[in-house]
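Report on the following structure.
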Amino acid sequence: MKIEIKIPSMGESISEVNIGNILVVNGSHVNADDPILEIETDKVNQLLYAPQSGGIKLNVKTGDVVKVGQVIGTVDSEANAVSKPEKKVVKDVELKAKQPESTQKITTEEKKQDPHIVSTEKIRHTKEDFLKEFQSTNKEGIVESPKKREQNVEESQLPKGRETRRRMTNIRKVIAKRLLEAQQTTAMLTTFNEIDLSQVILLREKYKDAFIEKHKVKLGFMSFFIEASVSALKLFPDLNSYIDGEDIVHREYYDIGVAVGTEKGLIVPVLRDCDKMNFAQIESAIANFAKKAKDGSLAISDLQGGGFTITNGGVYGSLLSTPILNPPQSGILGMHKIMKRAVVIDDQIVIRPMMYVALSYDHRIVDGKEAVSFLIALKNALEDPSRLLLDI
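For the sequence shown, the positions run 40 to 431 when our numbering is used.
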């Protein structure tokens with residue numbers, strides 16, 4: 040039986056996709072649920088699997104743009120797989136071309152025997168002579184001047200291969216488009232602060248084993264920052280709003296996007312209703328998204344929406360940065376590397392684990408006072424995490 044291979048629905052906003060890497064040989068045998076090719080969308084890549092076992096025939100190639108629902112091939116359970124053609128190996132045979140008699144050298148003895156024979160050794164036109172003459176002639180058949188020949192020689196001696204070119208993936212195209220859109224359509228500004236994470240680190244160290252034993256997931260820093268961000272967003276709701284025409288629309292829910300770096304670019308899966316989640320639920324959701332991002336199984340619905348974003352450049356060693364907004368959102372929080380630094384507390388110089396944080400915001404909605412106050416609220420919650428537990 041022959042079954043058609045169709046491009047599946049990828050979400051309401053997606054009508055066409057790009058064909059990425061093709062993972063099977065056209066005409067070969069595949070098993071049911073074998074991955075056959077990658078589908079690239081403007082948000083994420085997904086694998087397409089064989090609907091049954093049999094011989095596969097595809098009518099697309101890498102880079103093709105196809106519609107959702109389009110038939111791109113078939114799998115025939117009764118078809119025999121086409122065997123790969125054997126490669127013909129041609130052995131190099133060293134052939135010595137015999138020069139024509141008219142161009143062979145005439146010996147001294149022959150010249151003595153026939154005084155009318157003249158050697159053509161110095162005037163004959165060999166292959167090397169022809170190539171030299173041909174290389175000094177341009178496409179129009181005009182012999183170039185010696186000066187230009189010298190220029191060509193200099194150009195040919197320049198090192199080659201100092202540039203490479205690669206095609207932008209759909210994800211990279213969208214990232215580029217949206218970053219430019221953020222710069223052009225928002226009044227983006229960034230404010231900074233620093234946080235002493237001593238208490239968070241002590242809390243993690245004290246309860247990390249018990250947390251893993253009960254919840255089967257590690258207690259990371261991100262859950263603290265998400266809980267603290269939700270608490271601060273409740274105090275400063277404009278950072279959880281967006282502009283629609285001449286209206287400011289406030290979200291009554293707290294969907295937080297967590298930026299995740301992948302080999303193909305940055306993606307932002309969204310945690311829904313974070314105000315209703317505890318630390319364990321947040322950590323489990325983040326771990327699940329990380330696994331999906333790694334194996335390329337994130338769904339489009341995982342990436343849609345979001346009212347506020349948190350990105351952590353600290354995992355790459357960044358000490359400070361200015362994160363770019365993810366329109367139509369009005370705020371994005373940047374976490375950075377934790378560094379032990381000397382700070383002054385109660386007139387004493389002490390060593391503390393410090394992190395710089397950055398808040399980029401849309402100044403059309405959010406005033407500077409609100410942005411600074413948001414970071415102060417975040418700082419207070421993380422420097423005394425008992426506030427998060429008591430909701431104060």
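Note that the Cβ used here is the ideal one computed from N, Cα and C, for glycine as well.
In the DSSP assignment, what residue or residues form a beta bridge with residue i?
| i | result |
| --- | --- |
| residue 227 | 401 |
| residue 286 | 283 |
| residue 394 | 234 |
| residue 300 | 305 |
| residue 79 | 57, 84 |
| residue 106 | 55 |
| residue 347 | 295 |
| residue 387 | 384 |
| residue 372 | 349, 398 |
| residue 310 | 295 |
| residue 203 | None; residue 203 has no bridge partner. |
| residue 73 | According to DSSP, residue 73 bridges with nothing at all. |
| residue 254 | For residue 254, which the question treats as bridged, DSSP gives no partner whatsoever. |
| residue 111 | Residue 111 is not bridged to any residue. |
Write down the C-beta distance between residue i and residue j rounded to the nearest angstrom, noting that I regard them as a contact closer than 8 Å.
| i | j | result |
| --- | --- | --- |
| residue 380 | residue 393 | 5 Å |
| residue 256 | residue 329 | With a Cβ gap of about 11 Å, residue 256 and residue 329 do not count as contacting. |
| residue 46 | residue 102 | About 15 Å; that fails the 8 Å criterion. |
| residue 309 | residue 284 | Residue 309 to residue 284, Cβ: 24 Å. No contact. |
| residue 401 | residue 372 | Incorrect: roughly 14 Å between the Cβ atoms, too far for contact. |
| residue 91 | residue 42 | 5 Å |
| residue 306 | residue 332 | 6 Å |
| residue 208 | residue 79 | 6 Å |
| residue 104 | residue 69 | Not quite, the Cβ-Cβ distance comes to about 24 Å (not below 8 Å), so this is no contact. |
Exposed or buried, residue i, counting other C-beta atoms within 10 Å across all chains shown (16 or more means buried)?
| i | result |
| --- | --- |
| residue 108 | exposed |
| residue 262 | buried |
| residue 71 | exposed |
| residue 223 | exposed |
| residue 334 | exposed |
| residue 293 | buried |
| residue 385 | exposed |
| residue 420 | buried |
| residue 55 | exposed |
| residue 317 | exposed |
| residue 362 | buried |
| residue 415 | exposed |
| residue 134 | Here residue 134 scores only 43 on pLDDT, less than 50, and its place in the model should not be relied on; the value that follows carries that caveat. When all chains shown are included, residue 134 counts as exposed. |
| residue 302 | exposed |
| residue 428 | exposed |
| residue 210 | buried |
| residue 141 | Caution is warranted here: a pLDDT of 47 is assigned to residue 141, below 50, making its placement in the model unreliable, and the coordinate value is therefore given only provisionally. Under this definition residue 141 is an exposed residue. |
| residue 270 | buried |
| residue 125 | Reliability of the predicted coordinates at residue 125 is poor, the pLDDT of 45 falling under 50, and the value obtained from them is presented with this limitation in mind. Exposed: under 16 other Cβ atoms inside 10 Å. |
| residue 430 | exposed |
| residue 219 | exposed |
| residue 288 | exposed |
| residue 137 | Note that residue 137 scores a pLDDT of 49, beneath 50, so its modelled location is shaky and nothing firm can be said. |
Quick check on this structure: which residue in the options has the alpha carbon closest to the alpha carbon of residue i?
| i | options | result |
| --- | --- | --- |
| residue 320 | 75, 238, 265 | 265 |
| residue 300 | 83, 70, 231 | 83 |
| residue 280 | 331, 348, 426 | 348 |
| residue 391 | 422, 55, 62, 235 | 235 |
| residue 354 | 94, 259, 267, 416 | 259 |
| residue 360 | 233, 114, 269 | 233 |
| residue 67 | 89, 53, 79, 80 | 89 |
| residue 377 | 351, 383, 389 | 351 |
| residue 396 | 405, 413, 206 | 413 |
| residue 405 | 96, 225, 218, 110 | 225 |
| residue 118 | 110, 106, 96, 100 | 96 |
| residue 291 | 239, 426, 314 | 314 |
Assuming contact is defined by CB atoms lying nearer than 7 Å, are residue i and residue j in contact in what I supplied?
| i | j | result |
| --- | --- | --- |
| residue 116 | residue 49 | no |
| residue 398 | residue 375 | no |
| residue 367 | residue 221 | no |
| residue 241 | residue 424 | no |
| residue 63 | residue 75 | yes |
| residue 278 | residue 369 | yes |
| residue 30 | residue 77 | Residue 30 lies beyond the range of the chain shown here (40 to 431); nothing can be said about it. |
| residue 214 | residue 304 | yes |
| residue 203 | residue 411 | no |
| residue 94 | residue 44 | no |
| residue 87 | residue 267 | no |
| residue 275 | residue 409 | yes |
At a cut-off of 6 Å, would you count residue i as near the ligand ATP, judging by its Cβ distance to the nearest heavy atom?
| i | result |
| --- | --- |
| residue 297 | Of ligands this structure carries none, so the ligand ATP is not represented either. |
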